[in-house]
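These notes are about the structure you will find just below.
Residue numbers (our numbering): 16 to 160.
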């Protein structure tokens, strides 16, 4: 696949979304808030200070949360517009072992394997992945050419 300026960013966002169990934006936000609040209360901090700290934690994690929301919206749009094949390719290629660092050529190998398992060419898979990345970029507010 030809390298674009949003490719690496989008792939990282897809893998973060998968690593978190494909949780929604609202659920992830709530989990981060609850975890932060609980940690502070266990340290013996008063409730008000713990709530302030939890809100600040949400603000620090906002870029990741916005990425998750963009991935979630992209998947919903693709499923609504009957492009489930793109979502299937996305899940088969980027959502596999998302916590493990990628090796050189691993994505290419996954694309080739996916193309042999399903009746389509690797070029079509690359186009589908590029479409998903560009759609993610639009939802995230990135400049997409």
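Note that CB positions come from ideal geometry on N, CA and C, so glycine has one too. These figures come from a predicted structure and were not determined experimentally.
Cut-off 6 angstroms between Cβ atoms - residues of its own chain near residue i, not counting five sequence neighbours on either side
i           : result
residue 28  : 82, 86
residue 105 : 147
residue 113 : 30, 33, 34
residue 157 : 21
Under the three-state DSSP convention, the category residue i falls into
i           : result
residue 149 : helix
residue 61  : coil
residue 121 : helix
residue 129 : helix
residue 159 : coil
residue 35  : coil
residue 137 : helix
residue 47  : helix
Status (buried if at least 16 other CB within 10 Å, exposed otherwise) for residue i
i           : result
residue 111 : exposed
residue 97  : exposed
residue 123 : exposed
residue 128 : exposed
residue 50  : exposed
Sequence-distant residues of the same chain with beta carbon closer than 7 angstroms to residue i, five excluded per side
i           : result
residue 101 : 93, 143, 146, 147
residue 152 : 21, 25, 159
residue 136 : 130
residue 76  : 47
Same chain, Cβ closer than 8 angstroms to residue i, neighbours up to 5 away in sequence not counted
i           : result
residue 134 : none
residue 55  : 64, 65, 68, 69
residue 150 : 89, 92, 93
Cβ-heavy atom distance, residue i to the ligand NAP, below 7 angstroms
i           : result
residue 130 : With respect to the ligand NAP, the structure shown offers nothing to examine, as it has no ligands at all.
### Query
Could you give the uninterrupted runs of the alpha helix (DSSP H) lying entirely in the stretch 63 to 119, keeping only those of 4 residues or more?
77 to 95, 99 to 109
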